[in-house]
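Numbering (the UniProt record's numbering), first residue to last: 1 to 209.
Backbone N, C-alpha and C define an ideal beta-carbon position, used for all residues, glycine too.
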Ligand SMILES: Cc1ncc(COP(=O)(O)OP(=O)(O)O)c(N)n1
Ligand SMILES: Cc1ncsc1CCOP(=O)(O)O
Ligand SMILES: [Mg+2]
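Here it is, written out as structure tokens:
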């Protein structure tokens with residue numbers, strides 16, 4: 001994985017979409033997202049065979065556009081589908097317990113403070129997702145927002161580490177996030193709720209500084 005793979009990291013599940021989720025994903029892929037995370041969670045999330053089939057359909061699209069397909073939380077699904085990687089948070093399966101099963105795959109870890117950051121680095125995370133940077137409506141149990149100062153702090157300590165920022169990121173505030181030192185932005189609602197998804201992805205791809 002390269003740091004540039006984190007440039008525009010799209011995260012999605014059926015609950016995030018007002019329209020057919022596969023159309024939303026295909027628009028985003030066509031417009032040039034650089035990474036995708038399958039995050040099917042929430043009270044109305046698909047279950048069982050439907051869940052697996054939806055994941056497979058997302059994976060097929062990502063493969064077609066040569067974009068890494070990352071599974072959120074679900075180690076079993078990621079292994080079953082031979083996904084390109086997995087993203088785990090502090091309350092999910094510990095990184096030390098999954099590296100063995102994900103040799104050569106991408107492992108991302110969520111980080112909210114310096115202590116979690118140094119642990120993630122020590123345990124060999126391929127990238128970290130830091131945030132929420134701003135207020136988010138897509139994750140009801142999110143930690144309080146850190147602001148961009150947290151990105152600056154982490155970037156100063158880890159000049160070359162792959163870092164993606166997440167939480168409340170829009171085309172209006174993404175430059176601030178990149179300027180603070182993130183390699184890219186991870187977004188749900190900015191793309192899912194956009195009235196022009198391709199334009200939104202294109203804006204995220206253009207750095208204005
Ligand atoms: C890129 C990225 N960063 C952070 C998260 C959040 O993970 P987590 O804290 O485990 O919360 P859930 O997404 O599982 O609700 C993420 N998914 N992706
Ligand atoms: C999964 C996740 N983890 C921290 S904030 C967040 C939600 C990001 O969604 P949005 O881009 O809509 O704020
Ligand atoms: Mg998680």
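Expressed to the nearest angstrom, what Euclidean distance is found between the alpha-carbon atoms of residue i and residue j?
i, j, result
"residue 71", "residue 37", "6 Å"
"residue 31", "residue 75", "29 Å"
"residue 204", "residue 171", "6 Å"
"residue 29", "residue 51", "21 Å"
"residue 103", "residue 8", "24 Å"
"residue 118", "residue 138", "27 Å"
"residue 54", "residue 121", "32 Å"
"residue 68", "residue 124", "19 Å"
"residue 152", "residue 164", "12 Å"
"residue 77", "residue 141", "23 Å"
"residue 100", "residue 197", "37 Å"
"residue 193", "residue 17", "7 Å"
"residue 186", "residue 178", "12 Å"
"residue 175", "residue 49", "40 Å"
"residue 234", "residue 189", "The structure shown does not extend to residue 234, since the chain spans only 1 to 209, so no value can be given for it."
"residue 60", "residue 26", "11 Å"
Quick one: grab the DSSP three-state call for residue i.
i, result
"residue 173", "coil"
"residue 130", "strand"
"residue 71", "strand"
"residue 195", "coil"
"residue 165", "strand"
"residue 138", "coil"
"residue 41", "coil"
"residue 81", "coil"
"residue 202", "helix"
"residue 156", "helix"
"residue 28", "helix"
"residue 20", "coil"
Looking only at DSSP bridge pairs, what is residue i linked to?
i, result
"residue 9", "35, 186"
"residue 89", "Answer is none; residue 89 lacks a bridge partner."
"residue 109", "88, 128"
Looking at the secondary structure, which residues open and close the alpha helix (DSSP H) in which residue i lies?
i, result
"residue 48", "48-64"
"residue 118", "114-122"
"residue 97", "95-98"
Which same chain residues, not among the five before or five after residue i, have their C-beta less than 6 Å away from its C-beta?
i, result
"residue 134", "145, 167, 168"
"residue 105", "85"
"residue 21", "14"
For the beta strand (DSSP E) that residue i lies in, which residues bound it at each end?
i, result
"residue 148", "Neither: residue 148 is in no beta strand (DSSP E) and is coded neither H nor E."
Excluding the 5 residues preceding and the 5 following residue i in the sequence, name in chain order all residues of the same chain whose CB lies nearer than 8 Å to its CB.
i, result
"residue 98", "75, 86, 88, 107"
"residue 156", "181"
"residue 63", "69"
Which same chain residues, not among the five before or five after residue i, have their C-beta less than 7 Å away from its C-beta?
i, result
"residue 65", "29"
Got a sec: does ligand 5 put a non-hydrogen atom nearer than 7 Å to the Cβ of residue i?
i, result
"residue 44", "Of the ligands this structure carries, namely ligand 1, ligand 2 and ligand 3, none is ligand 5."
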